[in-house]
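Residue numbers (my numbering): 431 to 673.
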């Protein structure tokens, strides 16, 4: 069902200072977003969903070539945020029952999770921009509707402080030492809501917003990012048999 749904995504990236207050001008991006499935997964497993973004506007104007895949922008293709709940991924995490709660007047149950194993911290480069991958360095909480078992919210945060040492060809070797990126904090919250479609009637639980905060130590720029999803629409295909 998700493969037939499109939406608009508005992303606001705001640089912040050490007090978490805005620092300079933000960047506003407008995307058209859709879901795709990886091909050729074999009969023994379900396909992975991928979120695919098509950039339409940057600060209210059409994008230029240099606007594509800018340093802090969301990736044009990214994995689905709830794939950790798929059966083949569950053994990679430790889940803890945290009891009942309330979210927007809805009764919920809470599950905490963390990775069983930490992977290696790696960086990928594009010009002067580095993207850091740190599998297993995050923990989270899942808020689930007590009656329907739908996921209503997912919180995730960095466990401790993360350090990534630049390779020799990237570091400045100031005072004989390579540069180090230090991530002091990385939090995110994803909220979901029910969206109704008509002809035929259908209600689907879909992302409403994502709020994330990344705080770096040293001279690297910290930022707060807000992603809002709107104008959900569904395309249907029909066919007929002609003799």
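Don't be surprised by glycine CBs; every beta carbon is placed ideally from N, CA and C.
If you draw a straight line from the C-alpha of residue i to the C-alpha of residue j, how long is it?
i: residue 517; j: residue 457; result: 38 Å
i: residue 438; j: residue 541; result: 30 Å
i: residue 447; j: residue 534; result: 31 Å
i: residue 603; j: residue 662; result: Bear in mind that the predicted position of residue 603 carries a pLDDT of just 48, short of 50, making it unreliable; the figure below should be weighed with that in mind. So the two alpha carbons sit approximately 49 Å from each other.
i: residue 648; j: residue 451; result: 17 Å
i: residue 645; j: residue 531; result: 29 Å
i: residue 629; j: residue 583; result: 28 Å
i: residue 462; j: residue 506; result: 10 Å
i: residue 597; j: residue 499; result: 22 Å
i: residue 610; j: residue 465; result: 36 Å
i: residue 520; j: residue 511; result: 14 Å
i: residue 651; j: residue 455; result: 13 Å
i: residue 523; j: residue 543; result: 6 Å
i: residue 435; j: residue 563; result: 29 Å
i: residue 658; j: residue 485; result: 14 Å
i: residue 632; j: residue 625; result: 8 Å
i: residue 515; j: residue 634; result: 18 Å
i: residue 449; j: residue 664; result: 42 Å
i: residue 460; j: residue 482; result: 13 Å
i: residue 487; j: residue 443; result: 14 Å
i: residue 539; j: residue 528; result: 7 Å
i: residue 623; j: residue 639; result: 9 Å
i: residue 467; j: residue 445; result: 33 Å
i: residue 552; j: residue 595; result: 9 Å
i: residue 494; j: residue 525; result: 44 Å
i: residue 441; j: residue 453; result: 17 Å
i: residue 585; j: residue 502; result: 20 Å
Please classify residue i: is it buried, with 16 or more other beta-carbons within 10 angstroms of its beta-carbon, or exposed?
i: residue 612; result: exposed
i: residue 547; result: exposed
i: residue 666; result: exposed
i: residue 654; result: buried
i: residue 570; result: buried
i: residue 573; result: buried
i: residue 504; result: buried
i: residue 608; result: The pLDDT assigned to residue 608 is 47, lower than 50, so where the model puts this residue is not dependable, and the model offers no usable value.
i: residue 606; result: In this prediction, residue 606 has a pLDDT of 42, which is less than 50 and means its spatial position is unreliable; nothing more can be read from the coordinates.
Under 8 Å by Cβ, that's how I've got residue i and residue j pegged, so tell me the actual separation to the nearest angstrom.
i: residue 593; j: residue 618; result: About 20 Å separates the two Cβ atoms, so there is no contact after all.
i: residue 588; j: residue 615; result: 6 Å
i: residue 576; j: residue 537; result: 4 Å
i: residue 561; j: residue 554; result: 5 Å
i: residue 566; j: residue 590; result: Their Cβ separation, rounded to whole angstroms, is 12 Å, which puts residue 566 and residue 590 out of contact at 8 Å.
i: residue 508; j: residue 491; result: Wrong, their Cβ atoms sit about 24 Å apart, outside the cutoff.
Tell me residue i's beta-bridge partners as DSSP assigns them.
i: residue 438; result: 462, 660
i: residue 545; result: 523
i: residue 553; result: 562
i: residue 538; result: 531, 575
i: residue 593; result: 612
i: residue 506; result: Beta-bridge pairing links residue 506 to no other residue.
i: residue 618; result: 586, 642
i: residue 511; result: Paired residue(s): none; residue 511 is not in a bridge.
i: residue 637; result: 622
i: residue 479; result: 467
i: residue 485; result: 461
Between residue i and chain D, is any beta-carbon pair separated by less than 7 Å?
i: residue 614; result: In summary, chain D is missing from the structure at hand, where a single protein chain is found.
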